[in-house]
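Q: Numbered per numbering that gives the first Met the number 0, the sequence shown spans residues 0 to 66. Beta carbons: idealized from backbone N, C-alpha and C, even for Gly. Would you mind keeping the following structure in view while I ask a few things?
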Amino acid sequence: MPDRCKKCGSKLSMDEIGLYKKMVSRMAEEFLCKDCLAEHFKCSTEYLNTKIAQFKAQGCLLFDLDE
Numbered sequence: 000m001p002d003r004c005k006k007c008g009s010k011l012s013m014d015e016i017g018l019y020k021k022m023v024s025r026m027a028e029e030f031l032c033k034d035c036l037a038e039h040f041k042c043s044t045e046y047l048n049t050k051i052a053q054f055k056a057q058g059c060l061l062f063d064l065d066e
């Protein structure tokens, strides 16, 4: 699995990969980092951080629940 953003090349965290899968496509094999995903959706990274926290609180297994 790629560990770099397909747009800017920055290293991806498990949460960034999980967020991309949750919001774009579970079948994705390439991902965007949080900054590039925020640009794609025309939202703030703070909003995406809030979404990550919500998905983790729901127990979504796409995220690193230990972070």
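So the alpha helix (DSSP H) G17 belongs to, where does it begin and stop?
A: That run of the alpha helix (DSSP H) goes 13–22.
Q: Does the beta-carbon distance from L47 to A37 come in below 8 Å?
A: Result yes, Cβ atoms of L47 and A37 sit closer than 8 Å.
Q: Determine the direct distance from the alpha carbon of K5 to that of E29, and round the result to whole angstroms.
A: Those two C-alpha atoms are separated by around 6 Å.
Q: Over the uninterrupted alpha helix (DSSP H) stretch that includes C35, give me the two end residues.
A: Looking at the DSSP string, the run of the alpha helix (DSSP H) that includes C35 is 33–40.
Q: With distances taken Cα to Cα, identify the nearest neighbour of K20 among S43, K33, E45, G8.
A: Of the listed residues, the one whose Cα sits closest to K20 is K33.
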